[in-house]
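Residue numbers (this note's numbering): 13 to 69.
This report concerns only the one structure given below.
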């Protein structure tokens, strides 16, 4: 599956919005899970990270 998305200006950088359908395919809960970005032959690969978001007290 592939989806074309535009990047959005975010401060001094750019952001990519990931919709709930893609988060579901990745089994990612954005409130608790982190994602991992990997570059491979000019391809950006996004996978679910083993790391979790640390809760602030």
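For every residue, glycine included, the Cβ atom is placed at its ideal position computed from N, Cα and C.
Check your understanding: Closest to residue 46 by CA distance: which of 54, 65, 39 and 53 is it?
Key -> Mapped onto the chain shown, residue 46 falls at position 34. Closest by alpha carbon: 65.
**Study point:** N-terminal and C-terminal residue of the beta strand (DSSP E) that residue 32 is part of
**Key:** In the chain shown, the residue the question calls residue 32 occupies position 20. Careful: residue 32 lies outside any beta strand (DSSP E), inside the alpha helix (DSSP H) at 32-38.
Review point. Going by DSSP, which residues form a beta bridge with residue 22?
Key: By 1-based counting over the chain shown, the position of residue 22 is 10. DSSP lists 25 as partners of residue 22.
**Study point:** Selection from 53, 17, 50 and 60 that minimises the alpha carbon distance to residue 43
**Key:** For the purposes of this step, residue 43 is taken as residue 31 along the chain shown, with counting starting at 1. If we check each option's Cα against that of residue 43, 60 comes out closest.
Check your understanding: CB residue 34 to CB residue 27, shorter than 7 Å?
Key -> For the purposes of this step, residue 34 is identified with residue 22 of the chain shown, where counting begins at 1. For the purposes of this step, residue 27 is identified with residue 15 of the chain shown, where counting begins at 1. No; because the gap between Cβ atoms is not below 7 Å, this pair is not in contact.
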